[in-house]
Amino acid sequence: MSEELLTKSKIADALGTNPMRVTRFIERNKINAVKKEGKRELFKLTDFNALKNELNEPEAKEKAQNHAFSKDDYILTLKKQLEDQQKQFDEVLKSKDETIDSLRETIETSKHAYEDMKDQLTVKDNQITALTKLTNNAQTLNLVDKDPKRLQTAQGNAETSNERPKEGKKKDDSSNESSKKHWWQRFGK
Numbered sequence: 031m032s033e034e035l036l037t038k039s040k041i042a043d044a045l046g047t048n049p050m051r052v053t054r055f056i057e058r059n060k061i062n063a064v065k066k067e068g069k070r071e072l073f074k075l076t077d078f079n080a081l082k083n084e085l086n087e088p089e090a091k092e093k094a095q096n097h098a099f100s101k102d103d104y105i106l107t108l109k110k111q112l113e114d115q116q117k118q119f120d121e122v123l124k125s126k127d128e129t130i131d132s133l134r135e136t137i138e139t140s141k142h143a144y145e146d147m148k149d150q151l152t153v154k155d156n157q158i159t160a161l162t163k164l165t166n167n168a169q170t171l172n173l174v175d176k177d178p179k180r181l182q183t184a185q186g187n188a189e190t191s192n193e194r195p196k197e198g199k200k201k202d203d204s205s206n207e208s209s210k211k212h213w214w215q216r217f218g219k
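Residue numbering for the sequence shown follows the numbering used here, beginning at 31 and increasing consecutively.
The structure is reproduced here in structure tokens:
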């Protein structure tokens, strides 16, 4: 059996230790494989006498037992890791759902604010229309105060000419003519 070529796991079984310890021993002592079959490296068991002596020391046995993991230990460790990952995943999902709810509330608030703004714009447009009408009326009244003829032009001749008598029109014309005279001409009359 000493001349037989073995894999790392077979050497570990023969020495009563775990394959990781054999791998570390190979790396530490720079032991080269005698033969390779695909990915498997084959070694002579006689190259591991030093490891066998280490393992026979009482302190080494204790360390080996502390470092050795059984399949059950690996399974329990993996289960614990999976449970932790599941908790993290659940927290991420909960956080995502809360973010979605928050965004929905923000959208609803924005919709209400948009509707309020539309209503305010409608009120503003109505106020502008009313102010424009008032401004036009004020300008028309201002024109009437200054020159009645401009009012007729602005509103159309049909309505204003029917309402005024011809004598009143002559009076307005004469008052306009007198107001156009210079001040020294008024004293001459």
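All C-beta atoms in this analysis are idealised placements derived from N, C-alpha and C, irrespective of residue type, glycine included.
Residues that residue i bridges to, as DSSP identifies them
{"i": "L221", "result": "There is simply no residue 221 to check, as the chain begins at 31 and stops at 219 in what is shown."}
{"i": "E67", "result": "R70"}
Check whether residue i and residue j have beta carbons under 9 Å apart
{"i": "L36", "j": "A44", "result": "yes"}
{"i": "V52", "j": "A63", "result": "no"}
Bounding residues of the alpha helix (DSSP H) (the contiguous stretch that carries residue i)
{"i": "N83", "result": "79-86"}
{"i": "T53", "result": "49-59"}
Residue nearest to residue i in terms of C-alpha spacing, selected from the options
{"i": "F78", "options": "I56, G68, K69", "result": "I56"}
Any non-hydrogen atom of the ligand HEM within 8 Å of residue i CB
{"i": "E113", "result": "Judged by which ligands are present, the structure shown has none, so any question about the ligand HEM falls away."}
Segment contact flag, the region 101-121 with the region 80-88, C-beta cutoff 8 Å, min 3 pairs: no
The region 65-75 / the region 38-53 touching (three or more Cβ pairs under 8 Å): yes
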